[in-house]
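Heads up, the thing below is written out as structure tokens.
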Amino acid sequence: MTLFIQAWLVGYQEPVFDALSYADRATSFSFVPANETQGSGIIFAPLYPWFLNFMMSIDSGVELAMLCYVERKGGCDVTGLTSVYAVQTILIALVVYFCYLACYFFTKRFWLSLSAMMLVLFAGRMSEYTTWLITEAWAFFGFVSFAVCLAYALKVKDNLSVFLLMGIGLSIAVLTRPSYLYLLYFLILGIPLYWLVIKKEGLKEALFKTSAFLLPFILFVIPWMFRNYSYHGVFGVSAGYGPYILSERVAYNMMSWTEYAVSFIYWLPDFGDSLSKILFPVELYQKLDFGHPEGYYRYGNSIMRAVIYEQATTEKERISLLLNGYILPDIVKHIMVTLSLSLRGMWVAKYFGLIGVLALIPGFIQLRKMVGTAPVLFFAFPFFFMVGFNAFVSVSIPRYNVPLVMIYAIAIVLTACSIWKLVQPLLARQGSNKS
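Counting in our numbering, the sequence shown runs without a single skipped number right up to 946 at its last residue.
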């Protein structure tokens with residue numbers, strides 16, 4: 512109910528920019544491309560366009576609204592998308608509930624878990640994507656579904672059905688946002704190693720669990736990749752977008768080391784730019800601004816992208832040129848800049864993210880005492896892997912890392928509990944002295 516109220520307060524958002532592109536793709540979506548759509552490319556993963564296409568088939572209001580936005584004539588009735596936004600609100604409501612479950616599986620404490628869930632609602636970041644025609648609702652649902660199943664497997668029961676559900680969740684995320692595919696590659700090694708080394712299980716049991724985890728990927732993701740290879744000559748979930756965003760990211764490697772140091776201040780949430788204006792000369796931070804005409808972002812998505820696209824014609828050649836010509840020759844700088852961009856991407860919900868980052872270490876210490884070091888680290892790994900990956904290949908904006916609100920909420924609640932335990936005896940002592 513809270514999420515529906517938050518969604519109502521946010522209001523229906525008119526499709527713009529990427530949202531219009533999803534509308535375009537949805538109206539022409541087909542598992543077997545027709546001649547007129549054969550050359551449209553596969554820049555988007557299939558799940559969200561398919562979802563919109565399906566909603567068009569069962570709701571004439573959605574169909575009329577989508578076709579209107581595709582024509583770009585203006586005056587479209589955004590209320591026609593009500594059923595789409597309702598489904599997305601339900602998905603986000605489940606994501607918030609999963610935050611409660613994950614905390615409960617680890618701590619077995621109802622009030623602590625409920626407090627963490629309420630903090631996620633209080634942050635309000637999730638509800639922003641309920642009434643927006645973009646992939647976030649489905650991507651968050653898939654990833655957090657995977658995460659809550661992982662928490663269950665780590666601390667409650669690790670039967671094969673849980674690993675199957677983990678695979679379904681991550682497959683949904685991959686088919687919505689292909690960047691999650693790289694997380695899956697790491698987990699193919701991480702899951703058997705964890706259950707062999709930490710859980711002390713036999714090789715047979717560990718491989719069975721890994722196989723159950725991979726089964727949904729084999730059933731749903733691999734066929735789509737073969738479909739793309741058959742029709743587009745590319746064995747992948749999507750294609751065409753990699754060099755587009757990587758060219759933006761590579762431009763940030765041009766910053767000086769002084770600008771790099773300033774970036775940690777400038778990209779602080781909400782007040783970083785104002786603080787930088789007080790502390791530093793304008794030339795040390797102006798190029799860090801997204802909107803500055805000579806900034807690194809503008810340079811990356813205009814000049815550098817044009818250079819890359821002129822020198823190479825195919826996606827593979829462009830990726831190769833960016834890697835071999837720009838990233839690998841200066842890999843240390845690329846990694847260092849990734850650290851700064853990672854931190855920028857972690858400021859989810861602004862001050863909530865800032866408090867969450869500050870609470871990570873004390874929260875980890877408290878949770879480690881309750882459940883052990885290895886389960887906590889393995890559970891947190893997918894979240895922070897995606898933070899680092901997004902910063903390595905893109906300009907890393909907080910929208911990519913919204914699921915971090917679950918980690919922050921747990922850390923904040925645990926930190927608050929530990930602070931209360933320290934303060935409570937002092938308050939009791941003061942009260943007894945006054946009496």
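All C-beta atoms, glycine included, are put in the ideal place defined by N, C-alpha and C.
- The C-beta distance from V589 to M566 rounds to 14 Å, too long to fall under 8 Å, and the pair is not in contact.
- Judged by pairs of C-beta atoms under 8 Å, the segment 760 to 771 touches the segment 783 to 802, as three or more such pairs exist.
- L671 and V848 have their C-alpha atoms some 40 Å from each other.
- Inclusion of T600 and T641 in the CB contact set at 8 Å is warranted, their separation being smaller than that value.
- In the three-state reduction of the DSSP assignment, E525 falls in the coil class, being assigned neither a helical nor a strand state.
- The continuous alpha helix (DSSP H) containing P560 extends over residues L558 to I569.
- For A650, the CB contacts under 7 Å within the same chain, skipping 5 residues up- and downstream, are A684, T687 and R688 in chain order.
- Contact between the segment 918 to 927 and the segment 864 to 873 is present: three or more C-beta pairs spanning the two stretches fall below 8 Å.
- Between A664 and V673, the beta carbon gap of about 5 Å places them in contact (Cβ cut-off 8 Å).
- In this structure, F555 places its C-beta atom within 8 Å of the C-beta atom of S749.
- By the neighbour-count criterion, in which a residue is buried when 16 or more other Cβ atoms sit within 10 angstroms of its Cβ, Y533 is buried.
- By the criterion of at least three beta-carbon pairs nearer than 8 Å, the segment 524 to 539 is not in contact with the segment 719 to 731.
- C-alpha of F724 to C-alpha of Y615: approximately 23 Å in a straight line.
- The C-beta separation of M677 from A762 comes to about 37 Å, leaving the pair out of contact by the 8 Å criterion.
- Spatial neighbours of V606 in its own chain (CB-CB distance under 7 Å, excluding positions within 5 residues in sequence) are listed in chain order as M637, F651, F652 and V655.
- It is roughly 14 Å from the alpha-carbon of Y523 to the alpha-carbon of G586.
- When only Cα atoms are considered, Y808 and Q935 end up about 49 Å apart.
- Judged by DSSP in its simplified three-state form, N670 adopts coil rather than helix or strand.
- Taking all protein chains shown into account, Q822 has fewer than 16 neighbouring C-beta atoms within 10 Å of its C-beta and is therefore exposed.
- For C660, the CB contacts under 7 Å within the same chain, skipping 5 residues up- and downstream, are V673, L676, M677 and G680 in chain order.
- If only complete runs of 4 or more residues are kept, the segment 700 to 763 shows the alpha helix (DSSP H) at 714 to 727, 733 to 743 and 753 to 762, in order along the chain.
- Straight through space, the alpha carbons of P804 and V793 are spaced by roughly 14 Å.
- In the three-state reduction of the DSSP assignment, A648 falls in the helix class.
- Residue range G783 to L790 is occupied by the alpha helix (DSSP H) that includes L790.
- In this structure, A576 places its C-beta atom within 8 Å of the C-beta atom of L592.
- Straight-line measurement puts the Cα of I930 at about 18 Å from the Cα of R620.
- A Cβ-Cβ separation of about 6 Å places L694 in contact with M897 under the 8 Å criterion.
- Following the DSSP letters along the chain, one finds F542 in no alpha helix (DSSP H), marked with neither H nor E.
- Straight-line measurement puts the Cα of S541 at about 12 Å from the Cα of Y742.
- DSSP places N901 in the uninterrupted alpha helix (DSSP H) bounded by T884 to V904.
- For M628, the enclosing alpha helix (DSSP H) begins and ends at F621 to A634.
- Taking C-alpha positions only, K710 is separated from A717 by approximately 9 Å.
- Exclusion of the five residues before and after R855 leaves W778 and S907 as the residues of its chain whose Cβ lies within less than 7 Å of its Cβ.
- Annotation for C610: the continuous alpha helix (DSSP H) segment containing it runs T593 to T618.
- The continuous alpha helix (DSSP H) containing T769 extends over residues W768 to Y777.
- Looking only at I699, Y837, G899 and M736, the smallest Cα-Cα distance to F719 is reached by I699.
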